[in-house]
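S.K.: Sending over a structure as structure tokens; questions will come in a sec.
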Amino acid sequence: MHPHLFPTITLSLMIVTITLIHFPTSLLADNERYLTCEAPFNCSNLVNLSYPFWASNRPNYCGHPSFQLDCSNNVPRINITTMNYRVLEINNSLQTLKVARTDYLDTMCPAALVNTTIDNNLFSYITSDDTNLTLYYNCLLQSAVPTAITHDTVIAAIDSGFMLGWNASDSQCDTCLKAGGLCGSDPTTSIVAVMLGIIVVCIIICCLKREQLSKALIFRRTTRKNDENIKAFILNYGSLAPKHYSYSEIKKMTNSFINKLGQGGYSSVYKGKLPNGKLVAVKVLSESKGNGEDFINEVASISRTSHVNIVTLLGFSCEKNKRALIYEFMPNGSLDKFIYHRDSSATNCHLEWKTLYKIAVDIARGLEYLHRGCSTRILHFDIKPQNILLDEDFNPKISDFGLAKLCQRKDSIVSMLGMRGTVGYIAPEVFRRNFGGVSHKSNVYSFGMLVLEMVGGRKNFDNGVSNSGEKYFPDWIYKDLELGMGGRTYGVMTVEEQETTRKMILVSSWCIQINPSDQPSMNKVVEMLEGTLHSLQIPPKPFLCSRKGSLVDSSTTT
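Quick note, the sequence shown lines up with residues -29 to -1, 1 to 529 if you use mature numbering (1 follows the signal peptide of the UniProt record, and there is no 0).
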């Protein structure tokens, strides 16, 4: 809600509150007109009556609005809710009155059966010996029960009525009466209160309508801006731009989103099929995800690429706040299904070391291409196993460019507002500027953490594991490196597999050096992975690994 709406609503509520406090229905009577209420009055056979009762021969402000008596025909009557009662007795000192229903006078068969009850705010039942009387009508069973009660007895019981207690005075009125004053009512205050309430309700409705209109205008402007961005993108890329599909076409190719492949924080992925029979993966973004800039950013980033290790974008859809991306279908899903052997549904899907090594090299080549092979450098900022897709031959492809940033190749440092990435893979300089400037080296760090997970077979960031230096994931891997061991603790490894594992650990340990200047470029990473083990030196131990206690704080923006 807009801030300027709060003072309006608050002021309105204050007006109503002040009105109800200072103008109650029962008022202290210091006005001269209330002197006419000082003398008691009679109503038929009832004598010495006073507030809260009043009749037609007295001003209405002498009594309470709900206690008006009808004194005609020598029978005092009063209306309680929707029912008319004969008033048999009134005791002002005890605040009681005895009433009987008018429609049952001298009969047990009224003209109409009416369901009614008393107003519990003003009246209360006072029980006597007979607290309940039930009469049955139109009974089909003709039978009799011997009893001393006759028809006349029932009529007499109904005509004798029942006792009610009443309470129409508030504390101010009671105090006034004890001090020798008078109590009365002012109907105009109720009218003022009702009018003020109506005014306040109207103000609130107008404010809410204004807020809804404002949101609608903002949404319309945002939608128009997104549409303009898409048109500008299509015009800029011309025939090179991926195909633009309507949202109805997206629903058709996914069979109304029936086959869900995965779920992310801001998107869901569904399996689909193009009209030519080609299988695709359709990524549908959440409607609450940003203002469309991340969507256009991902489309623009991938559209600049053409590499065997970068996922191919086949098309996109953007209609108002409904956005979708169409990628080539990867039969083997994402890499994380094959490298975690704990708490994983794919426990028996471990890959051979030869395959893991090839995947690591190909990912490095894909990142090298993003850093050096494009006319505009693309920084991914979200390299993690979930964003590495595998085709039918387990060839990896880098995906999900929603957090990517485009920059000129000559730029060594990138300006960036906020953090980008996922906890456990974010380079220190991204969330702590004192570690250095953000650059393409930030992707090198994420790649290093990714390879360490491939070697260790576990997540590098685990809330269930203590963050002490002894159990911190890179520290555990580094100790294996110092001892000349591999990373995983299962399976028998050949000499070649041990060398491959050690090479992956050495390269990834260089990649996660805290100072970006100590990290190799992705071009150098590819050379190190494809080179010999003997040419690699053991890197310094990253100081984050040796810290006891808490690690450096990190956040996530995905």
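C-beta atoms are modelled at their ideal positions from N, C-alpha and C, and glycine is treated no differently.
Give me the DSSP bridge partner(s) of Asp41.
M.R.: Paired residues: Arg48.
S.K.: In angstroms, rounded to a whole number, what distance separates the CA positions of Val385 and Glu269?
M.R.: Distance between the alpha carbons of Val385 and Glu269 is about 18 Å.
S.K.: Under 8 Å, do Thr347 and Arg391 count as touching if we go by C-beta distance?
M.R.: In this structure, Arg391 does not lie closer than 8 Å to Thr347 by Cβ.
S.K.: Helix, strand or coil: which one does DSSP assign to Lys222?
M.R.: Lys222 falls in the helix class under three-state DSSP.
S.K.: Report all residues from its chain with a CB closer than 6 Å to the CB of Tyr216; omit the five preceding and five following residues, and keep chain order.
M.R.: Only Gly286, Ser288 meet the Cβ criterion.
S.K.: Expressed to the nearest angstrom, what Euclidean distance is found between the alpha-carbon atoms of Pro11 and Arg29?
M.R.: The alpha-carbon atoms of Pro11 and Arg29 are separated by roughly 10 Å.
S.K.: Considering Cα atoms alone, identify which of Tyr56, Phe418, Asn44 is closest to Phe38.
M.R.: The option with the nearest alpha carbon to Phe38 is Tyr56.
S.K.: According to DSSP, is Thr472 helix, strand or coil?
M.R.: Looking at Thr472 - three-state DSSP - the assignment turns out to be helix.
S.K.: So, using beta-carbon positions, are Leu296 and Leu284 closer together than 8 Å?
M.R.: Contact flag set, yes.
S.K.: Taking the C-alpha atoms as reference points, what is the distance between Val240 and Gly304?
M.R.: Each residue's alpha carbon lies about 11 Å from the other.
S.K.: Could you check what DSSP says for Lys512 in three-state terms: helix, strand or coil?
M.R.: If DSSP states are grouped into helix, strand and coil, Lys512 belongs with coil.
S.K.: Mapping the DSSP letters down to three states, classify Phe12 as helix, strand or coil.
M.R.: Reduced to three states, the DSSP call for Phe12 is strand.
S.K.: With burial defined as no fewer than 16 other Cβ atoms inside 10 Å of the residue's Cβ, what is the status of Tyr108: buried or exposed?
M.R.: Flag for Tyr108 reads exposed.
S.K.: Just to confirm my understanding: we take Cys14, look at its own chain, exclude 5 residues before and 5 after, and list those with CB closer than 7 Å. What are they?
M.R.: Closer than 7 Å at Cβ, skipping near neighbours: Leu20, Ala26, Leu40, Cys42, Pro47.
S.K.: Rounded to whole angstroms, what's the CA-CA distance from Lys69 to Cys8? Just pull it up for me.
M.R.: Spanning the two alpha carbons is a distance of roughly 24 Å.
S.K.: State the Cα-Cα distance for the pair Pro513 and Glu299, rounded to the nearest angstrom.
M.R.: Cα to Cα, the separation comes out at about 38 Å.
S.K.: Once the 5 residues before and after Pro510 are set aside, which same chain residues still bring their CB inside 6 Å of it?
M.R.: Cβ within range, chain order: Ser480, Trp481.
S.K.: Enumerate in chain order the residues of its own chain whose CB-to-CB distance from Thr460 is below 7 Å, with the five nearest sequence positions on each side excluded.
M.R.: In this predicted model, Thr460 has a pLDDT of only 48, less than 50, meaning its place in the structure is not dependable; the value taken from the coordinates is given anyway. No residues qualify anywhere along the chain.
S.K.: Looking at the ligand NAP, does it come within less than 7 Å of Asn268, judged from the CB to the closest heavy atom?
M.R.: Of ligands this structure carries none, so the ligand NAP is not represented either.
S.K.: By how many angstroms is the C-alpha of Ile89 removed from the C-alpha of Gln234?
M.R.: If you take the alpha carbons of Gln234 and Ile89, they lie about 59 Å apart.
S.K.: When the Cα atoms are used, what is the spatial distance from Ala(-1) to Pro36?
M.R.: Any reading at Ala(-1) must be qualified, since the residue scores a pLDDT of 41, below 50, and its modelled position is unreliable; no value is offered.
S.K.: How is the alpha helix (DSSP H) around Asn494 delimited, first residue to last?
M.R.: That run of the alpha helix (DSSP H) goes 493 to 501.
S.K.: Within 8 Å, do at least three Cβ pairs link the region 411 to 422 to the region 482 to 489?
M.R.: The answer is yes - the region 411 to 422 touches the region 482 to 489, with three or more Cβ pairs under 8 Å.
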